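Residue numbers (the numbering used here): 505 to 613.
Right under this line is the structure:
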């Protein structure tokens, strides 16, 4: 399973019941704490913070979307029912396919 963009990913995890939208959490006081607390729960949902006080509409924060092997497999388009060890092996292979062989020099304007 591949994703066209972040909207496609969010729609998919919403359909899978893995997404929780949290509105009006304070950026400095609550987002980090909520993310950490939810990571420790059995559900461990992907969190999308929206309507953040002090920021314009549309500025959102995504958290806990890659904090376990199943979620990492989902992001990489791998089956999520594999063992943790197999997911790690597949991730290693994907990394080899996408890693640049030669470093790219920075462009200076």
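The C-beta atom is built at its ideal place from N, Cα and C for all residues, glycine as well.
Only a predicted model underlies this, so the values are computations on that prediction, with no experimental measurement involved.
Specify, as a first and last residue, the run of the beta strand (DSSP E) that residue i falls within.
i: residue 554; result: 550-554
i: residue 567; result: 565-567
Give the secondary structure of residue i by DSSP, where H, G and I count as helix, E and B as strand, and everything else as coil.
i: residue 525; result: strand
i: residue 589; result: helix
i: residue 612; result: coil
i: residue 580; result: helix
i: residue 597; result: helix
Quick check: residue i and residue j, are their CB atoms within less than 8 angstroms of each other?
i: residue 528; j: residue 557; result: yes
i: residue 539; j: residue 552; result: no
i: residue 576; j: residue 595; result: yes
i: residue 568; j: residue 541; result: no
i: residue 574; j: residue 584; result: yes
i: residue 562; j: residue 506; result: no
i: residue 517; j: residue 523; result: yes
Got a sec, what are the start and stop residues for the alpha helix (DSSP H) residue i sits in?
i: residue 517; result: 510-519
i: residue 546; result: Residue 546 -> no alpha helix (DSSP H), and no H or E assigned at all.
i: residue 561; result: Where residue 561 is concerned, there is no enclosing alpha helix (DSSP H), given that its DSSP letter is neither H nor E.
Residues in the same chain with beta-carbon distance under 6 angstroms from residue i, minus the five sequence neighbours each way, listed in chain order, please.
i: residue 555; result: 527, 528
i: residue 520; result: none
i: residue 591; result: 573, 577
Could you pull out every residue in the same chain whose Cβ sits closer than 7 angstroms to the Cβ of residue i, ignoring the five residues on either side in sequence?
i: residue 525; result: 552, 554
Is residue i near the ligand GDP, judged by its Cβ being under 7 angstroms from some heavy atom?
i: residue 580; result: The ligand content of the structure shown is nil, which means the ligand GDP is not present either.
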